[in-house]
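Take a look at the structure set out below.
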């Protein structure tokens, strides 16, 4: 089965090719450095490490489980070239199966470590998460790497059945020369409560697609934080498909830009004709700390139902000089005052992270990166 | 030697001269009120002393505790013991009052060669000073000034002053926007902090505050100059007659220096 899907995806990628900036979804992100790298890259062994087994969860290699009902049925290799590339080439990824009614207290931690030693590499991590009805779990995907230029092109499909509660974290700390492209495809059953946290720090060129399809009564929260400096480029595309009525989506993405970094936020919300009583809220806030940094932010709302509430807002701001002076006037040094305000900007995203160890790591990453840029 | 010595201080904002030659000496233990009509330069003087970079000093000098104050960064002024209670305290969302105060106090202690206070000792000081200002402890965990009422903000300023224990406190229109009950609490807090080692500059438009914080000296500022100085009775005189007749004399001789 997997072989047939691979072959279809391979053909589809041959037809699609890499996207160009003429494609609306890739207008601000040129992937030509990625296509050059892929042309000569080695494909290394499976980078997704097998985590420890937990009661209530079955964790196996994709090749060892019956994944036919789910695999590649949600993340579309027909329309997204990188998904097609992943589907054609993925190493033996992981299947996380959360049993019906299981409440998994401990987070399931997935570590995706890439590296390149002189010769470029391209890896295509693939993760399939299926949560059976009434289950509850927390999943953390950690992407990191080291060495010379490499590509991590991951696809995660999450299928959450009715009445599930899922917290999904993706922490991206790739090396400074890395390319990172990731699609997180989320399919939500009735009355699910799903929270995604996308935390992006590393990589030279990064593209995240988070796509969620909601059923009746869902509550879906998408949080995002990105901190870029130097010449980093990050592109966050999100898509929320309100397919059924009475669902709520709350989206908050915050970005901090320094140096001559560039960032893109594109938030799509589709409210289908049947999706009455939808409550959708989207916010993107950016803190731009240098004159050379550029942010492109765009909401994309398509509302076909008539009894809905949809709001969106985007802000781009600088540090408040009054605030900096106030802190200085109490004895706090200029650099510390700036860092404190930047940290404060990110604070509400940090506070939403319920895994204490991850929250602490994020605080550390924020402070390290802030200090790093000023030294 | 005076704690603060201001000589012929001139300052501009956006190219316009606001301070046109201020002379003022303040000794430790003294409370000086600076009064004057709107636009006379009272707040500018407070801001210049605290190091706000919106203002450019074009002439004159300020010697504080034997040091050239104008050469110091705002944070170094604070670390050397200067505290300004802001006319409009700034809201800092995302930073808790407690964290902010601890960072400030430890920065000052570090400058003095002292180690950081441990959490318990710090909390003990904070709780004691909060009681002085009749502040609710829940304010500690709220973001700095964020969503505070006008009165809470002003009380928070004096509370910070009580924790940071400055040598020179500058209260910039601390009475503005306060009802009489809040004014009494703020004034009681300020009075509790009066000490022979500490000087205060109380900038106000209205005499009312000076009923509660009784100054040793009163100076009247008009059009960027001190036009009259005297004892506390001068404030009452102003209450009677207003600022009429207080235009600056263009003869700089005869300006009284306290």
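Protein chains in written order, with this note's numbering: chain A, 7 to 381; chain B, 14 to 271. Even for Gly, the Cβ is constructed at its ideal location relative to N, Cα and C.
The residue from 188(B), 63(B) and 139(B) with its alpha-carbon nearest to that of residue 328(A) is 63(B).
Taking the Cα positions, residue 278(A) is about 19 angstroms away from residue 82(A). One finds 350 in chain A with Cβ atoms closer than 7 angstroms to the Cβ of residue 106(B), taken in chain order. Cβ atoms of residue 156(B) and residue 106(B) come within 8 angstroms of each other, at about 5 angstroms.
Legend: CB atoms of the stretch 323-342 of chain A lying less than 8 angstroms from CB atoms of chain B belong to residues 326, 328, 329, 331, 332, 333, 334, 335, 336, 337, 338, 339, 340 and 342. Rounded to the nearest angstrom, the gap between the Cα atoms of residue 20(A) and residue 112(B) is 56 angstroms.
Between residue 300(A) and residue 175(A), the alpha-carbon positions lie close to 26 angstroms from each other. Your pair residue 61(A) and residue 106(A) does not check out as a contact, with CB atoms roughly 14 angstroms apart and the cut at 8 angstroms. Counting along the chain, residue 305(A) sits inside no alpha helix (DSSP H); it lies in the beta strand (DSSP E) bounded by residues 300-309.
Inclusion of residue 92(B) and residue 82(B) in the CB contact set at 8 angstroms is not warranted, their separation being larger than that value. Among the residues of the stretch 172-184 of chain B, those with a Cβ less than 8 angstroms away from any Cβ of chain A are 173 and 177, in the order of the chain. The beta-carbon separation of residue 199(A) and residue 171(A), rounded to 5 angstroms, stays under the 8 angstroms limit for a contact.
Sequence-distant partners of residue 88(A) (beyond 5 residues in either direction) whose C-beta falls short of 7 angstroms from its own C-beta, in its chain, are 159, 187 and 189. DSSP, reduced to helix, strand and coil, places residue 155(A) outside both helices and strands of the structure shown, so it counts as coil.
Chain B places no beta carbon closer than 8 angstroms to that of residue 177(A), leaving this residue out of the contacts.
Here residue 84(B) is exposed, its C-beta having fewer than 16 other C-beta atoms within 10 Å. A distance below 6 angstroms between beta-carbons, with the five flanking residues on each side excluded, links residue 239(A) to the following residues of its chain, in chain order: 211 and 268. Under the three-state reduction of DSSP output, residue 270(A) falls in the strand class.
Taking C-beta atoms as the reference points, residue 132(A) and residue 99(A) count as a pair closer than 8 angstroms.
Nearest neighbour of residue 187(B) by Cα position, chosen from 212(B), 77(B), 67(B) and 223(B), turns out to be 223(B). Exclusion of the five residues before and after residue 324(A) leaves 293, 294 and 295 as the residues of its chain whose Cβ lies within less than 8 angstroms of its Cβ.
DSSP, reduced to helix, strand and coil, places residue 8(A) within a helical segment of the structure shown.
Taking residue 191(A) as the centre and dropping the five residues before and after it, the same chain places the C-beta of 80, 81, 163 and 217 closer than 6 angstroms to its C-beta, in chain order. Considering only beta carbons, the part of the stretch 80-92 of chain B lying closer than 9 angstroms to chain A consists of 86, 87, 88, 89, 90, 91 and 92, in chain order. In the DSSP annotation of this structure, the continuous segment of the alpha helix (DSSP H) that includes residue 166(B) starts and ends at 163-177. Runs of the alpha helix (DSSP H) lying entirely within the stretch 321-369 of chain A and spanning at least 4 residues, in chain order: 327-334 and 340-357. DSSP places residue 202(B) within a helical segment (H, G or I) once states are collapsed to three. The Cβ neighbour count for residue 321(A), taken over all protein chains shown within 10 Å, is under 16; the residue is labelled exposed.
The contact set of residue 33(A) on chain B, defined by CB atoms closer than 8 angstroms, is empty, because the minimum CB distance reaches about 32 angstroms.
Between residue 181(B) and residue 95(B), the C-beta gap is smaller than 8 angstroms, which places the two residues in contact. By the Cβ test, the stretch 119-127 of chain B is not in contact with the stretch 136-155 of chain B, since fewer than three Cβ pairs between them sit closer than 8 angstroms. A direct Cα-to-Cα measurement between residue 136(B) and residue 335(A) gives close to 22 angstroms. The CB of residue 353(A) comes closer than 7 angstroms to the CB of 107 in chain B, given here in chain order. Following the DSSP letters along the chain, one finds residue 185(A) inside the beta strand (DSSP E) bounded by residues 185-194. The distance from the Cβ of residue 253(A) to that of residue 284(A) is about 6 angstroms, consistent with a contact at the 8 angstroms cut-off. Per DSSP, residue 285(A) is one residue of the beta strand (DSSP E) stretching across 285-294.
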